[in-house]
Amino acid sequence: MLNMDLKEKIRISDDYVVVSVNPKIYSLPTIYSAAYVFLDRAYIILDGDPEKEILVNLKPKNDYDLEKLGMEFYNELLSYANYSNRVKENNEIIRTIIQRALFSTDISLLDEVEQKEVEELLKELEDENESNKE
Numbered sequence: 004m005l006n007m008d009l010k011e012k013i014r015i016s017d018d019y020v021v022v023s024v025n026p027k028i029y030s031l032p033t034i035y036s037a038a039y040v041f042l043d044r045a046y047i048i049l050d051g052d053p054e055k056e057i058l059v060n061l062k063p064k065n066d067y068d069l070e071k072l073g074m075e076f077y078n079e080l081l082s083y084a085n086y087s088n089r090v091k092e093n094n095e096i097i098r099t100i101i102q103r104a105l106f107s108t109d110i111s112l113l114d115e116v117e118q119k120e121v122e123e124l125l126k127e128l129e130d131e132n133e134s135n136k137e
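Numbering (the numbering used here), first residue to last: 4 to 137.
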């Protein structure tokens, strides 16, 4: 059984459940991603004010425990929020890996990038030497 705080976030009706989502905690793209996962299990209607509260109406396609459906939606929100954060944190690493994979097919591009890196490093060393002389 849901406690009082959760009853405000997950409202159960006869044949559907309404999940209240705080858009300051979960972004709209995260909510869309979580809802997408539920398309095979439920009919979904998104409503509310994107600045204050998003209401996710879930009506199961088959006989399904409504409380469980609402709780699973929150788990999916957390999963996609975490995924989104990891992608942002690792964006530079991902970009570097993709660049290396693409450049490895054309050696001349890789040589060009490496040459630029070497030139930048040499310039940094020259700047440091000039700073030390002053």
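For each residue, glycine too, the CB sits at the ideal point set by N, CA and C.
Shortest Cα-Cα distance from M74 to any of F41, E56 and V90 involves F41.
Straight-line spacing of the CA atoms in K10 and V90 works out to 32 Å.
Between the alpha carbons of K71 and K55 lies a gap of roughly 25 Å.
Within the same chain, and ignoring the five residues on either side of N65 in sequence, the residues whose Cβ sits closer than 8 Å to its Cβ are R44. When the alpha-carbon of S82 is set against those of I34, N25, K12 and D8, the nearest one is in I34. When only Cα atoms are considered, Q118 and N132 end up about 21 Å apart. Linking V21 to F76 through their CA atoms gives a straight-line distance of about 10 Å.
For K27, no beta strand (DSSP E) segment is defined, and its DSSP state is neither H nor E. By the Cβ-count criterion, V24 is buried, with 16 or more other Cβ atoms from all chains shown falling within 10 Å of its own Cβ.
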